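Just so you know, the protein sequences line up as chains A and B, in that order.
The working numbering numbers the first residue of the first sequence as 2 and each following residue consecutively.
The working numbering numbers the first residue of the second sequence as 2 and each following residue consecutively.
The C-beta atom is built at its ideal place from N, Cα and C for all residues, glycine as well.
Since we're looking at a predicted model, the values are computed, not measured.
There are 2 protein chains.
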Amino acid sequence: MRLAIEQARIAEENGDVPIGAVIVGENRIIGKAYNQREQLQDPTAHAEIIALTQAAAALENWHLNGCTIYVTLEPCPMCAGALVLARIDRLVYGCDDPKAGACKSLYNIVQDERLNHRLEVTSGVLVEQCSKLLRDFFSQRRVKNAQ
Amino acid sequence: MRLAIEQARIAEENGDVPIGAVIVGENRIIGKAYNQREQLQDPTAHAEIIALTQAAAALENWHLNGCTIYVTLEPCPMCAGALVLARIDRLVYGCDDPKAGACKSLYNIVQDERLNHRLEVTSGVLVEQCSKLLRDFFSQRRVKNAQ
């Protein structure tokens with residue numbers, strides 16, 4: 002999760018909402034990414050989506066069974082859906098997202114028995130550091146917008 | 002939708018489940034893609050995700066307000082979430098997906114009032130052609146697997 006937080010800081014430096022993700026598989030890091038929505042002007046460029054693409058490329062296989070993803074924020078519907086599609090085993094995340102979270106807050110897509118895969122979920126890891134990053138980012142943005 | 006069906010046929014030629022998507026904005030086609038999950042070995046490479054990335058690149062802007070996406074199959078949670086994130090105006094799709102559809106069947110992510118954007122949805126367009134493509138693909142695959 003510390004590495005995911007480092008990734009989130011890179012997003013922040015680029016003017017993007019600070020969210021980072023790391024994927025571990027076969028005892029090594031196979032995906033490491035940060036939110037690049039503004040930088041790439043791509044609505045799908047969330048940290049998790051980029052990390053999943055990297056991880057599948059590293060394994061040369063879209064089935065990510067046996068892998069764990071670490072994310073600083075509770076994934077949104079797009080990213081939660083992607084985690085299920087990738088058949089990833091485990092999701093570890095930092096803080097909840099009451100506005101758009103899809104792994105507990107608004108939906109629980111990653112543990113929906115109607116879908117063909119479910120993940121083990123651990124939340125609240127390094128929660129204070131993960132949420133402070135976001136709080137600081139949005140409060141600085143509010144100050145900038147008010148100027 | 003006819004163009005989306007043409008895209009779906011390309012997916013099929015590549016051994017991928019035949020699903021195609023087209024995005025129209027500013028009175029022109031700004032995204033056109035087919036499912037490439039197997040071809041790219043990328044779990045996120047659904048037709049909609051690729052088309053959204055193309056469309057945002059064409060407009061040099063991730064806000065796709067004013068655009069319409071045509072898809073042959075009801076989008077899954079990942080793709081439905083991506084449509085909301087992209088702030089696209091309208092979704093037109095062919096056949097429902099009772100197993101993983103997230104715009105009517107299992108969820109209705111694209112019209113969830115808790116999220117910060119909602120889409121207008123039209124379903125059942127060229128439904129017979131869209132569903133026949135999928136039926137034929139899966140029945141051929143069953144025959145191959147049985148051999």
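Residue from C77(A), N66(A), S106(A), R3(A) whose Cα sits closest to the Cα of I89(A): N66(A)
Check whether A52(B) and I24(B) have beta carbons under 8 Å apart: yes
Sub-8 Å separation of T73(B) and G21(B) beta-carbons: yes
Segment contact flag, the stretch 90-104 of chain A with the stretch 119-136 of chain A, C-beta cutoff 8 Å, min 3 pairs: yes
Any 3 or more C-beta pairs closer than 8 Å across the stretch 132-144 of chain B and the stretch 99-118 of chain B: no
CB-CB length for G82(B) against C77(A), believed under 8 Å: 6 Å
Span of the alpha helix (DSSP H), counted from its first residue to its last, around C96(A): Counting along the chain, C96(A) falls outside any alpha helix (DSSP H), though it belongs to the beta strand (DSSP E) covering 91-96.
Limits of the unbroken beta strand (DSSP E) element including E121(A): 121-123
Chain A within 8 Å of A81(B), Cβ atoms only: yes
Range of the contiguous beta strand (DSSP E) that encloses L107(A): Neither: L107(A) is in no beta strand (DSSP E) and is coded neither H nor E.
Of the listed residues N28(B), R29(B), Y35(B), nearest to I11(B) (C-alpha basis): Y35(B)
Cutoff 6 Å; reference A57(B); Cβ partners in own chain excluding five residues on either side: W63
Cβ neighbours of Q55(B) in the same chain (closer than 6 Å, five flanking residues each side left out): G32
Residue from I50(B), E14(B), R115(B) with nearest C-alpha to Y71(B): I50(B)
Assigned secondary structure, L74(B) (DSSP; H/G/I helix, E/B strand, else coil): strand
Selection of the stretch 102-117 of chain A by Cβ proximity to chain B, strictly under 8 Å: A103, L107, Y108, I110, D113, R115, L116, N117
Interface partners of D43(B) on chain A, CB under 7 Å: T54, A57, W63
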